[in-house]
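Novice: So the protein lines, in turn, are chains A and B.
Positions 40 to 388 (the working numbering) are the ones given, in order, by the first sequence.
Positions 83 to 461 (the working numbering) are the ones given, in order, by the second sequence.
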Amino acid sequence: MNVLAFPKGKPMARGSERVEMSHGAGGRAMQRLIADVFHAAFDNAELARGEDQAVLPVAAGRIAMSTDTFVISPLFFPGGDIGALAVNGTVNDVAMSGATPLWLSAGFIIEEGFAIDDLKRIAQSMARAAKAAGVTIVTGDTKVVERGKGDGVFINTAGVGIGAPDIPLGAARIEAGDAILVSGTVGDHGVAIMAHRAGLQFETTIESDCAPLNGLIAALMASGARVKALRDPTRGGLSATLNEFAQAASLGIGIIEEAIPVRAEVFGACELLGLDPINVANEGKLVAVVDARDADAALAAMRAHPLGQEAAIIGTAHADPHHFVTMRTRIGGQRMIDWLSGDPLPRIC
Amino acid sequence: MKHLTEYRDADRARMIAAAIGREALPERRYRIMEFCGGHTHAIFRYGLQDLLPGNVEMVHGPGCPVCVLPAGRLDMAMRIAEMPGVILATYGDMMRVPGEKGRSLLKAKAEGADIRMVYSAADAVALARDNPERQIVFLAIGFETTTPPTALAIRQAKAEGLANFSVFVNHVLTPAALAAILGQSDDKDADDRDMVEIDGILGPSHVSVITGYEPYEFATKAYGKPVVIAGFEPVDVLQSILMVVRQLNEQRCEVENQYIRAVGTGGNAIARKLMADMFERRQSFEWRGLGWIADSALKLRPEWQAFDAELRFDVAYRSLAETKSCECPAILRGQKKPVDCKLFAKACTPETPLGACMVSAEGSCAAYYTYGRHREAAA
Numbered sequence: 040m041n042v043l044a045f046p047k048g049k050p051m052a053r054g055s056e057r058v059e060m061s062h063g064a065g066g067r068a069m070q071r072l073i074a075d076v077f078h079a080a081f082d083n084a085e086l087a088r089g090e091d092q093a094v095l096p097v098a099a100g101r102i103a104m105s106t107d108t109f110v111i112s113p114l115f116f117p118g119g120d121i122g123a124l125a126v127n128g129t130v131n132d133v134a135m136s137g138a139t140p141l142w143l144s145a146g147f148i149i150e151e152g153f154a155i156d157d158l159k160r161i162a163q164s165m166a167r168a169a170k171a172a173g174v175t176i177v178t179g180d181t182k183v184v185e186r187g188k189g190d191g192v193f194i195n196t197a198g199v200g201i202g203a204p205d206i207p208l209g210a211a212r213i214e215a216g217d218a219i220l221v222s223g224t225v226g227d228h229g230v231a232i233m234a235h236r237a238g239l240q241f242e243t244t245i246e247s248d249c250a251p252l253n254g255l256i257a258a259l260m261a262s263g264a265r266v267k268a269l270r271d272p273t274r275g276g277l278s279a280t281l282n283e284f285a286q287a288a289s290l291g292i293g294i295i296e297e298a299i300p301v302r303a304e305v306f307g308a309c310e311l312l313g314l315d316p317i318n319v320a321n322e323g324k325l326v327a328v329v330d331a332r333d334a335d336a337a338l339a340a341m342r343a344h345p346l347g348q349e350a351a352i353i354g355t356a357h358a359d360p361h362h363f364v365t366m367r368t369r370i371g372g373q374r375m376i377d378w379l380s381g382d383p384l385p386r387i388c
Numbered sequence: 083m084k085h086l087t088e089y090r091d092a093d094r095a096r097m098i099a100a101a102i103g104r105e106a107l108p109e110r111r112y113r114i115m116e117f118c119g120g121h122t123h124a125i126f127r128y129g130l131q132d133l134l135p136g137n138v139e140m141v142h143g144p145g146c147p148v149c150v151l152p153a154g155r156l157d158m159a160m161r162i163a164e165m166p167g168v169i170l171a172t173y174g175d176m177m178r179v180p181g182e183k184g185r186s187l188l189k190a191k192a193e194g195a196d197i198r199m200v201y202s203a204a205d206a207v208a209l210a211r212d213n214p215e216r217q218i219v220f221l222a223i224g225f226e227t228t229t230p231p232t233a234l235a236i237r238q239a240k241a242e243g244l245a246n247f248s249v250f251v252n253h254v255l256t257p258a259a260l261a262a263i264l265g266q267s268d269d270k271d272a273d274d275r276d277m278v279e280i281d282g283i284l285g286p287s288h289v290s291v292i293t294g295y296e297p298y299e300f301a302t303k304a305y306g307k308p309v310v311i312a313g314f315e316p317v318d319v320l321q322s323i324l325m326v327v328r329q330l331n332e333q334r335c336e337v338e339n340q341y342i343r344a345v346g347t348g349g350n351a352i353a354r355k356l357m358a359d360m361f362e363r364r365q366s367f368e369w370r371g372l373g374w375i376a377d378s379a380l381k382l383r384p385e386w387q388a389f390d391a392e393l394r395f396d397v398a399y400r401s402l403a404e405t406k407s408c409e410c411p412a413i414l415r416g417q418k419k420p421v422d423c424k425l426f427a428k429a430c431t432p433e434t435p436l437g438a439c440m441v442s443a444e445g446s447c448a449a450y451y452t453y454g455r456h457r458e459a460a461a
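What follows is the structure, given as structure tokens:
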């Protein structure tokens, strides 16, 4: 891994507005790109060392680590962009363990011809997201691939957090009777992307919920509620996360449709696109499983946080040899909630 | 959206369900076939079966255009898509449908074919406009609901002189499928009629907006099955079930319309004229699960053949064998339930569909698998 090095050359000349193969070749052009785009945005002491690694202080205890790669299209969408997503996605994955995320790495695979202004925009968005989440981007890497061999830019981030609980939070800790909470409206991110791709117009623009959840998690943990598991329902949405929990805990999960918060415009877009909001991706929501006795305290703590104002208790875990996730529908019937078999594809009629 | 929530109102649904419970005679069975995949989807998505008394049973019909498209037609689409310079444009839920040896459009795309998902036929015309150097082929499927938009798209392409646009037509006709189910197919024999175990029918909603009531009269007259044209929302479906129960109790047998907010007696004459001007019936068409059915599908009339992708790319149909021991034909006719099939939830799942009823979310096997397996586990 190459570090995002300290600037050595001159600032990039005007007119060279697109990424060229030379920007990934290890020479001056690459150094300038790194300095002008990434170092300018991420500026911090670790990067300024200019070494091939970051060296970070850790106290005794456990660290949590995670990595994620972002290959989305479009790169810029209502409510966010690939940069914010790459920071928040990894921050959230680390935070779901109960640890405090502190450091990120960032790897870029850039397609030849990509506009440098767009790359700057992405780097600045990452810097803002990192600041908001209280993390530092301490090391990174840049590669350029030939035109046609990438889709603009791909970003990988890895994150490290400290202070993970001795017994990590996780699905295996879930017991029958535990309460299931969701931190807010579901489906916002996926519908924002799909509506944008499909060119759908609504009275208000549906925005991605892309946000760092470490603050919300800290508030939840500080409430003293016995939290068993946390997960952010990204790809596959709420239904995938609940099925992962049921499988890993060898339990059934029952939820109440009426209790699940869904924005009216997301509901409307899902109707048009033939999708179900519970199958659609989120980027700023979490599902929490807590001891039933602490459900109200956990709910109050989440609702007191700006990112959890619409939190709700949506169901409970129970013994079930089949590990099914079921839902009581608005109408009063029961149905299963299954994993999706692939991408959510719109129905035709 | 207020309009929609009204038809999903829990209190109204419970009231109607209670009326069904009161009025269904305990000494008889009510086997009601919902024709459309949209109905099947609503029944499972809202768990409507839980609100019905045990002797009112829903039988899931063949009204899922994705499900009934045979592997041979899909194979033709893939052959077209693989030709140099072609972009195949299709509705999203066609992408995963298995063709020969389980090969789908998604797999063909992964292998290099340029296949794009569109939300409407008009989007495919836009692709043709934006890519003058490429051949854009729209994979058109669906019952009478999606046929008029295809016709409009072709007219638009003609008006704009888009010579690089063509359509691979797979539009099929609802009454023909219903007739096949009721035993009136090509190869009918006397026993066939006795085997169809349904007492009444929930008729298509969106299709009837176009066709009106008339195409369903034969079901009441020749087969003695009451038909209620039903909307797709849970309150619509329950109310329509109640209407069928009442017809059966009162020994009436007629075409009734629950979906009055959208369906008029005569349907949409303008849309039908548009279809009639551009399309004519194929002599016969193969359906997945139902076999060859005469007069059951459409093709472009000679004067529009310049837009016919089958002719432009010279691909011929060949019939491909369906999976052995798949019970789809019996399930589509209401003679068996998905769980009666040996393959269900074992070899055949939404990830690895082997038969017609599992390929689309609206197929009855897929709906059972996705929404209803807890029922079998509890039983």
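Here a beta-carbon is modelled for each residue, glycine too, at the ideal position from N, C-alpha and C.
#1: Is it right to say HIS62 (chain A) is buried, meaning 16 or more other beta carbons lie within 10 angstroms of its own, or is it exposed?
#2: Starting from VAL326 (chain A) and walking both ways along the beta strand (DSSP E), at which residues does that stretch end?
#3: Going along the chain, which residues of the stretch 365 to 380 of chain A sit with their C-beta nearer than 7 Å to a C-beta in chain B?
#4: Residue range of the alpha helix (DSSP H) that LYS355 (chain B) falls in?
#5: Considering only residues of the same chain and omitting the five flanking positions on each side of ASP273 (chain B), which have a CB-CB separation below 8 Å?
#6: In whole angstroms, what is the alpha-carbon distance linking GLN329 (chain B) and LYS303 (chain B)?
#7: Please go through the stretch 281 to 317 of chain B and give each complete beta strand (DSSP E) segment of 3 or more residues, from N-terminal end onward.
#8: Is DSSP giving GLU109 (chain B) helix, strand or coil here?
#9: I need the boundaries of the alpha helix (DSSP H) containing VAL421 (chain B), first residue and last residue.
#10: Kindly say whether HIS357 (chain A), judged by its beta-carbon, lies nearer than 8 Å to any beta-carbon of chain B.
#11: One question on the structure: do PRO140 (chain A) and GLY65 (chain A) come within less than 8 Å of each other, judged by their Cβ atoms?
#12: Around the C-beta of ASP359 (chain A), are 16 or more other C-beta atoms found within 10 angstroms, so that it is buried, or is it exposed?
#13: Helix or strand or just coil, what does DSSP make of CYS118 (chain B)?
#14: Thinking just about the alpha-carbon of each residue, which of B:ARG155, B:ALA159, B:TYR201 is nearest to the one in GLY174 (chain B)?
#15: Given ILE161 (chain A), which residues of its chain have a CB within under 8 Å of its CB, disregarding the five upstream and five downstream residues?
#16: Does the pairing of the stretch 231 to 239 of chain B with the stretch 176 to 195 of chain B give three or more beta-carbon distances under 8 Å?
#17: Who are the neighbours of THR452 (chain B) on chain A, taking C-beta pairs under 8 Å?
#18: Suppose the cutoff is 8 Å on Cβ atoms and the five residues either side in sequence are ignored; what does the same chain contact list for ILE256 (chain A) look like?
#19: If the cut-off is 8 Å on Cβ atoms, which residues from the stretch 125 to 145 of chain B count as contacting chain A, listed in chain order?
#20: Could you check whether the Cβ of LEU259 (chain A) sits closer than 8 Å to any Cβ belonging to chain B?
#21: Cα separation between ILE311 (chain B) and MET165 (chain B)?
#22: What are the boundary residues of the alpha helix (DSSP H) that includes LYS267 (chain A)?
#23: Residues of the stretch 311 to 329 of chain B in Cβ contact with chain A at a cutoff of 7 Å, in chain order, please.
#24: Counting only beta-carbon atoms, is ALA237 (chain A) nearer than 8 Å to chain B?
#25: Any beta carbon from chain B within less than 8 Å of GLU56 (chain A)'s own beta carbon?
#26: Per the contact definition of three or more C-beta pairs closer than 8 Å, is the stretch 247 to 265 of chain B in contact with the stretch 377 to 394 of chain B?
#27: Since I believe ALA237 (chain A) is in contact with LEU290 (chain A) (beta carbons under 8 Å), could you give me their beta-carbon distance rounded to a whole number of angstroms?
#28: Return helix, strand or coil for PHE225 (chain B), following the three-state DSSP convention.
#29: Could you compute how far the alpha carbon of LEU393 (chain B) sits from the alpha carbon of GLN217 (chain B)?
#30: By the three-class DSSP mapping on this structure, what secondary structure does PHE193 (chain A) have?
#31: Please work out which residues of its chain come closer than 8 Å, Cβ to Cβ, to ARG198 (chain B), disregarding the five sequence neighbours upstream and downstream, and give them in chain order.
#32: Going along chain B, which residues have a C-beta under 8 Å from HIS361 (chain A)?
#33: Measuring CA to CA, which of A:SER247, A:LEU259, A:ASN318 is closest to ASN282 (chain A)?
#34: Use the C-beta contact count for SER366 (chain B): other C-beta atoms within 10 angstroms, 16 or more gives buried, fewer gives exposed.
#35: Where does GLY143 (chain B) sit, in a helix, a strand or coil, going by DSSP?
#36: If you count every other CB in all the chains shown that lies within 10 Å of the CB of SER401 (chain B), and 16 or more means buried, which is it?
Specialist: In this structure, then:
#1: Sequence index remark: in the first sequence, residue 62 (chain A) carries index 23 (1-based). Looking at its Cβ environment, which holds 16 or more other Cβ atoms inside 10 Å, HIS62 (chain A) is buried.
#2: Position 287 of the first sequence, counted from the first residue, corresponds to residue 326 (chain A). Per DSSP, VAL326 (chain A) belongs to the beta strand (DSSP E) from 326 to 329.
#3: THR365, THR368, ARG369, ILE370, GLY371, GLY372, GLN373, ARG374, MET375, ASP377, SER380
#4: Counting from 1 along the second sequence, the entry for residue 355 (chain B) is found at position 273. Start and end: 351 to 360.
#5: Sequence index remark: in the second sequence, residue 273 (chain B) carries index 191 (1-based). The predicted model places ASP273 (chain B) with a pLDDT of 48, which falls under 50 and marks its position as unreliable, so this point remains unresolved.
#6: In the second sequence, residue 329 (chain B) corresponds to position 247, counting from 1. In the second sequence, residue 303 (chain B) corresponds to position 221, counting from 1. If I take the Cα positions, the gap works out to 14 Å.
#7: 282 to 285, 309 to 311
#8: Translated into the one-based positions of the second sequence, residue 109 (chain B) becomes position 27. Note: GLU109 (chain B) maps to coil in three-state DSSP.
#9: Residue numbering aside, residue 421 (chain B) sits at position 339 when the second sequence is read from its first letter. Boundaries cannot be given for VAL421 (chain B), as no alpha helix (DSSP H) includes it and DSSP labels it neither H nor E.
#10: Here residue 357 (chain A) is taken as the residue at index 318 of the first sequence, counted from 1. HIS357 (chain A) does not count as touching chain B.
#11: Here residue 140 (chain A) refers to the residue found at position 101 when the first sequence is read from its first residue. Here residue 65 (chain A) refers to the residue found at position 26 when the first sequence is read from its first residue. No, they are not a contact pair.
#12: As a working note, residue 359 (chain A) is residue 320 in the first sequence. Buried, because 16 or more other Cβ atoms sit within 10 Å of the Cβ of ASP359 (chain A).
#13: On the second sequence, residue 118 (chain B) is found 36 positions in, with the first residue counted as 1. Look at CYS118 (chain B) here: in three-state DSSP terms it is strand.
#14: Within the second sequence, numbered from 1, the residue matching residue 174 (chain B) stands at position 92. Among B:ARG155, B:ALA159, B:TYR201, the Cα nearest to that of GLY174 (chain B) belongs to B:TYR201.
#15: If you number the first sequence from 1, residue 161 (chain A) lands on position 122. Same-chain partners within the cutoff: LEU114, ASP120, ILE121, GLY122, VAL192, ILE194.
#16: no
#17: For the purposes of this step, residue 452 (chain B) is identified with residue 370 of the second sequence, where counting begins at 1. Chain A residues near THR452 (chain B): MET375, ASP377.
#18: Counted from its first residue, the first sequence places residue 256 (chain A) at position 217. Cβ within range, chain order: ALA134, MET135, GLY137, LEU269, LEU325.
#19: Of all residues in the stretch 125 to 145 of chain B, PHE126, ARG127, TYR128, GLY129, LEU130, GLN131, ASP132, LEU133 have a Cβ within less than 8 Å of some Cβ in chain A.
#20: Position 220 of the first sequence, counting from 1, holds the residue named residue 259 (chain A). LEU259 (chain A) does not count as touching chain B.
#21: Here residue 311 (chain B) refers to the residue found at position 229 of the second sequence. Here residue 165 (chain B) refers to the residue found at position 83 of the second sequence. The straight-line gap from Cα to Cα measures roughly 43 Å.
#22: Taking the first sequence and counting its residues from 1, one reaches residue 267 (chain A) at position 228. Unbroken run through LYS267 (chain A) is the beta strand (DSSP E), 266 to 270; no alpha helix (DSSP H).
#23: PRO316
#24: Locating residue 237 (chain A) in the first sequence gives position 198, counting from the first residue. Cβ-Cβ to chain B under 8 Å: yes for ALA237 (chain A).
#25: The residue labelled residue 56 (chain A) in the question sits at position 17 within the first sequence. By this cut-off, GLU56 (chain A) is not an interface position.
#26: yes
#27: Taking the first residue of the first sequence as 1, we reach residue 290 (chain A) at position 251. Taking the first residue of the first sequence as 1, we reach residue 237 (chain A) at position 198. With a Cβ gap of about 37 Å, LEU290 (chain A) and ALA237 (chain A) do not count as contacting.
#28: For this step, residue 225 (chain B) is matched to residue 143 along the second sequence. If DSSP states are grouped into helix, strand and coil, PHE225 (chain B) belongs with coil.
#29: The residue given as residue 393 (chain B) occupies position 311 in the second sequence. The residue given as residue 217 (chain B) occupies position 135 in the second sequence. Roughly 14 Å between the two C-alpha positions.
#30: As a working mapping, residue 193 (chain A) is identified with position 154 in the first sequence. Strand.
#31: Residue mapping note: residue 198 (chain B) aligns to position 116 of the second sequence, counting from 1. Excluding positions up to five away in sequence, the list reads ILE169, LEU170, ALA171, THR172, LEU209.
#32: The residue labelled residue 361 (chain A) in the question sits at position 322 within the first sequence. Neighbours of HIS361 (chain A) on chain B, chain order: ARG455, HIS456, ALA459.
#33: For this step, residue 282 (chain A) is matched to residue 243 along the first sequence. Residue A:ASN318 is the option with its Cα nearest to ASN282 (chain A).
#34: As a first step, residue 366 (chain B) must be located in the second sequence, where it is residue number 284. Exposed.
#35: Residue 143 (chain B) sits at position 61 when you count from the first residue of the second sequence. The answer is strand: DSSP assigns GLY143 (chain B) an E or B state.
#36: Within the second sequence, numbered from 1, the residue matching residue 401 (chain B) stands at position 319. Looking at its Cβ environment, which holds fewer than 16 other Cβ atoms inside 10 Å, SER401 (chain B) is exposed.
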